[in-house]
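Visitor: As you go down the protein sequences, you meet chains F and H in turn. Here the first sequence stands for residues 48 to 245, numbered as in this note's numbering. Here the second sequence stands for residues 6 to 371, numbered as in this note's numbering. Questions regarding the structure given below will be posed in turn.
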Amino acid sequence: MDSSDRTKQQAHDRALVEAVLAGDATAYRGLVERYQRRVYALIVGMVRDREEARDLTQEAFIKAYRNLDRFRLESSFYTWLYRIAMNLAIDHLRKHKKRRASEFDEGIASKGDDGELHHGHIANNPSKELERKQLSGRILDALDKLSPEHKRIILLREVEGLSYKEIADTLECAEGTVMSRLFYARKKLQQQLSDERA
Amino acid sequence: MSHNEPVMERLDVLLMRVVDGEASEAERLELLDLADAEPRLAELRDLRGRLRQAVFGQVSEHLDVVGEVLSALTLVDGWEEAADELRSELRSGLAEDSLDLADRVMAQLSAEPLIQEQPSERDLLEMQLSAMVDGELSAAERVGLAARLGPAQLNLMTVWADQGRQLREGLAEAVKHEELTLWAGVAEQIGLADPEHVPGWEPVAQALREALAEYAQLTASQEVAMTAAIMNGLPLVEPALDFEPGSMAADADTESEDAFENSGLGRLFSSPGLQWAAALAAGVLLALFVFGNPQVDSPVADQPGQDRVALVTEPGDTGAMEFLEVNDAEVEELESADDVMVQVFQIEDGAPMFLMIDEGDEGATL
């Protein structure tokens, strides 16, 4: 999305927020429908459990609605929403330290007794499909081993494609911090992937 | 240093409730009491003061303060050095961004620091490479960096770019079959009784209903004509030519109904809304055919024989039919009556078009 699209989107978001603040709660639907998939993908990356991610996504929208009067209209709604969503995800991770990654993995690929990956459905090119899903599973496993903060920053950048400034707004820190933190997160992810390969 | 887990967990919960804006008055006071009693915060008077302000909503950036408090509370080893660092930064007034400060403090203590407190020369270079992958360097910075790029650096940038792509693909794969319809759940939670309600729509809907009701009012004969026009557009089984007056329409109706119901179009038109739309469209078509089609009441000399109209003017005449060029067909008199049924049909594309006028007891004209 280029900057003019983002500007338009921000203006549209602001109009919806203003409508909600003026008493039209149904205007919030536009915001939910625009961002639900993006927030969900971020939270799935954080917690690696679809059901929990779904609940947390809904909770993020409810929390954002209830705190909408605190939202500064000159800011971006999505960075504010992502902050709420990520804080919820981090809070969730801290409260539930036992991850249920296996449940999540089932949707991508499941490991059999032989340790190999097996799949529920076979695509047109099974070997390529297998390879692709193995890769997906591996990178998500590696992501899962990062600290919540590293995970959060790498998701905001790589999945959501936020600029350093937007990440800084979301995390409420300086752009320089984003740059250094993201670099270390990348190195850590790279290290995890190397360890897994080894 | 003692590490009281229950107190830590309670502090954690209370801090999160403050961040979420859901802490009650009693919980806020409890949090401040626990913070005052917590050894790791004992010497951080400034931080506790800011926490007090944050808890009671006197500062807007309360997330920063809570982040600092959490950082302080989760440190176990080497806390004294960290506390010194924190105090030093706080006293010097340089700590404009508390999360940056928290990163730096954690860098000294954590086994997995978010950043390195004193990055090496190589780290600094790679940090720039990372920013370059993200397109976050200025043109001047990129030019400056280009001179330092070797195969290893280019390879590293490729690795990171691949990592990002794989991550996006992995997550896309994980969520691609998800049907997300959260609005109903959100609407319920925020107190909307009807999630589909659209404010201000009801008067519009009412006006629309009234206008349509008036516009779409049809007499019985118009409805029959409309049905015939619809049927005209459907593939029908070709009837035998030696038919009994009045029976042909019935047979055609039966066969065409079967064909229609079994066709995709039939299933489509089983929707009541679409039936209305089709009926309206057909009415317009019929009106055009009867009243506006120049081929019926005016000669079209330059397209002879393109369409044919079969006219059998004598009721009950089941024998030879006379096919006339369309140019020769004329409507000499047009009347309307409630008890007359008109059917227009065509066996197949390009075939002659039949116009059947059934006047009940007085017989039918094809």
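Cβ atoms here follow ideal geometry from the backbone N, Cα and C, with glycine treated the same way. Since this is a predicted model, take the numbers as computed values, not measurements.
#1: Which residue from H:Glu30, H:Ala151, H:Ser143, H:Arg170 puts its Cα closest to that of leucine 130 of chain H?
#2: What does proline 204 of chain H touch in chain F if you count any residue whose Cβ is under 7 Å from its own?
#3: Using the Cβ count rule (16 or more neighbours within 10 Å means buried), how would you classify lysine 55 of chain F?
#4: Buried or exposed: which applies to arginine 170 of chain H, given that a residue is buried once 16 or more other Cβ atoms fall within 10 Å of its Cβ?
#5: Just to confirm, are alanine 232 of chain F and isoleucine 201 of chain F a CB contact at a threshold of 8 Å?
#6: May I ask you to report which of helix, strand or coil DSSP gives leucine 120 of chain F?
#7: Give a yes or no on whether the minimum CB-CB distance between glutamine 246 of chain F and chain H is below 8 Å.
#8: Output yes if chain H places a C-beta closer than 8 Å to the C-beta of serine 227 of chain F; else output no.
#9: Whole angstroms are fine: how far does the CA of alanine 144 of chain H sit from the CA of arginine 22 of chain H?
#10: Listing by chain order, which chain H residues have their CB less than 7 Å from the CB of glutamine 83 of chain F?
#11: Take leucine 120 of chain F and list the residues in its own chain whose beta-carbon comes closer than 6 Å to its own, dropping the five residues that flank it on each side.
#12: Near asparagine 298 of chain H, which residues of its chain fall below 8 Å by C-beta distance, leaving aside the five closest residues on each side in sequence?
#13: If we count the other Cβ atoms within 10 Å of its Cβ and call it buried at 16 or more, is tyrosine 211 of chain F buried or exposed?
#14: Under 9 Å Cβ-Cβ, which residues of chain F neighbour isoleucine 195 of chain H?
#15: Could you pull out every residue in the same chain whose Cβ sits closer than 6 Å to the Cβ of alanine 198 of chain H, ignoring the five residues on either side in sequence?
#16: Using only alpha-carbon positions, find the residue among H:Pro204, H:Ala233, H:Met236, H:Ser135 that is nearest to leucine 154 of chain H.
#17: Can you tell which of H:Asp17, H:Asp41, H:Arg57 has the C-alpha that lies nearest to the C-alpha of aspartate 138 of chain F?
#18: Whole angstroms are fine: how far does the CA of alanine 218 of chain H sit from the CA of serine 122 of chain F?
#19: When DSSP labels each residue in this structure, what does leucine 185 of chain H get in the three-state scheme?
#20: In the DSSP output, which residue or residues are listed as bridge partners for valine 347 of chain H?
#21: For alanine 225 of chain H, which of H:Ile362, H:Asp344, H:Pro357 has the nearest alpha-carbon?
#22: Nearest CA to the CA of valine 94 of chain F: which residue from H:Gly365, H:Leu176, H:Val148, H:Pro357?
#23: Would you identify the three-state DSSP class for lysine 192 of chain F, choosing helix, strand or coil?
#24: Report yes or no: is there a C-beta of chain H within less than 8 Å of the C-beta of arginine 244 of chain F?
#25: Using the Cα positions of asparagine 267 of chain H and leucine 213 of chain H, report the straight-line distance between them to the nearest angstrom.
#26: Measure the alpha-carbon distance for alanine 315 of chain H versus glutamine 222 of chain H and round it to whole angstroms.
#27: Could you check how far apart the C-beta atoms of arginine 85 of chain F and glutamate 207 of chain F are, in whole angstroms? I think they sit under 8 Å.
#28: Could you say which of F:Lys234, F:Lys192, F:Thr104, F:Asp216 lies nearest to glycine 190 of chain H if we only look at CA atoms?
#29: Inspect the CB distances between the segment 66-84 of chain F and the segment 105-120 of chain F and report whether three or more fall short of 8 Å.
#30: Indicate whether tryptophan 188 of chain H and valine 79 of chain F have their beta-carbon atoms separated by less than 8 Å.
#31: Is it true that the CB of leucine 34 of chain H sits closer than 8 Å to the CB of valine 74 of chain H?
#32: Could you tell me the alpha carbon to alpha carbon distance between glutamine 181 of chain F and alanine 245 of chain F, rounded to whole angstroms?
#33: Measuring only between beta-carbons, confirm whether glutamine 171 of chain H sits less than 8 Å from chain F.
#34: Look at the alpha carbon of threonine 232 of chain H and the alpha carbon of tyrosine 75 of chain F, and state the distance between them as a whole number of angstroms.
#35: Output the distance between the C-alpha atoms of serine 125 of chain H and glutamine 133 of chain H, rounded to the nearest integer angstrom.
Guide: Here's the rundown:
#1: H:Ala151
#2: Asp71, Thr73
#3: exposed
#4: Exposed.
#5: yes
#6: coil
#7: For chain F, the structure presents residues 48 to 245; residue 246 of chain F sits outside this window and is missing.
#8: Yes, its Cβ sits closer than 8 Å to a Cβ of chain H.
#9: Spanning the two alpha carbons is a distance of roughly 45 Å.
#10: Leu185, Leu187
#11: Arg61
#12: The predicted model places asparagine 298 of chain H with a pLDDT of 44, which falls under 50 and marks its position as unreliable; any figure quoted below should be read in that light. Excluding positions up to five away in sequence, the list is empty.
#13: buried
#14: Ala72, Tyr75, Phe108, Ile109, Tyr112, Arg113
#15: Close CB contacts of alanine 198 of chain H within its chain, under the 6 Å cut and outside five residues either way in sequence, are absent.
#16: H:Ser135
#17: H:Asp17
#18: Across the structure, serine 122 of chain F and alanine 218 of chain H are spaced so that their CA atoms are roughly 48 Å apart.
#19: coil
#20: H:Ile362
#21: H:Asp344
#22: When only C-alpha atoms are compared, the closest one is H:Leu176.
#23: Looking at lysine 192 of chain F - three-state DSSP - the assignment turns out to be coil, as it is neither helix nor strand.
#24: No - not a single Cβ of chain H is within 8 Å of the one on arginine 244 of chain F.
#25: Low local confidence applies: a pLDDT of 49 at asparagine 267 of chain H is under 50, so the model's placement there is unreliable, and no value is given.
#26: Only weak support is given to the placement of alanine 315 of chain H: the predicted model assigns it a pLDDT of 45, under 50, and the value that follows is read from those uncertain coordinates. Cα to Cα, alanine 315 of chain H sits roughly 32 Å from glutamine 222 of chain H.
#27: 6 Å
#28: Nearest neighbour of glycine 190 of chain H by Cα position, chosen from F:Lys234, F:Lys192, F:Thr104, F:Asp216, turns out to be F:Thr104.
#29: yes
#30: Yes, they are a contact pair.
#31: no
#32: 15 Å
#33: yes
#34: Threonine 232 of chain H and tyrosine 75 of chain F have their alpha carbons spaced roughly 45 Å apart.
#35: Computed Cα separation, rounded: 13 Å.
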